[in-house]
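Q:
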Amino acid sequence: MMIDYANDLHLTLPFHQHFLDSMFSNRHSEIKRNRNLEYVTEGLGESFDWNKSLTQQRSNGSLFNSPATTAAAFIHTQDNNCFQYLH
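Read the sequence shown against our numbering and you will find it ends at 133, with the numbers running on by one and no gaps.
Here is the structure:
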């Protein structure tokens with residue numbers, strides 16, 4: 047998630063900690079329930095088990111027929127089926 051990257055770079059963000067905690071909690075809940083993953087996976091970065099996401103891979107090699115989600119999965123897994131879909 048971009049906020050994780052900003053924190054890693056020690057950037058000061060104009061958000062209250064309560065807001066950030068709530069956002070991270072919501073993200074964790076979404077991942078745990080595997081709900082709406084097609085809308086959020088590309089933004090999860092290293093915090094997501096990308097190999098587990100491949101269980102949702104379609105026969106055409108995509109994840110959710112989404113080029114963005116499939117590209118994110120490929121970046122993290124180097125899965126050949128993702129690559130073939132994107133190619």
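Using N, Cα and C, we set each Cβ at its ideal position, and we do this for glycine too. Computed from a prediction, not measured in an experiment: that's the story for all the values here.
So what does LEU57 bridge to, in DSSP terms?
A: Residue mapping note: residue 57 aligns to position 11 of the sequence shown, counting from 1. BP columns for LEU57 are empty, so no partner.
Q: By the 10 Å Cβ neighbour count, where 16 or more other Cβ atoms means buried, how is SER71 classified, buried or exposed?
A: Here residue 71 is taken as the residue at index 25 of the sequence shown, counted from 1. So SER71 counts as exposed.
Q: Please classify GLN124: does DSSP put it in a helix, a strand, or coil?
A: Within the sequence shown, residue 124 is the residue found at index 78, counting from 1. Looking at GLN124 - three-state DSSP - the assignment turns out to be coil, as it is neither helix nor strand.
Q: What three-state label does DSSP hand SER68 in the structure shown?
A: As a working note, residue 68 is residue 22 in the sequence shown. If DSSP states are grouped into helix, strand and coil, SER68 belongs with the helices.
Q: Mind reading off the beta-carbon distance from ASN97 to THR123? Whole number of angstroms is fine, and I expect it under 8 Å.
A: Position 51 of the sequence shown, counted from the first residue, corresponds to residue 97. Position 77 of the sequence shown, counted from the first residue, corresponds to residue 123. That pair is a contact at about 6 Å.
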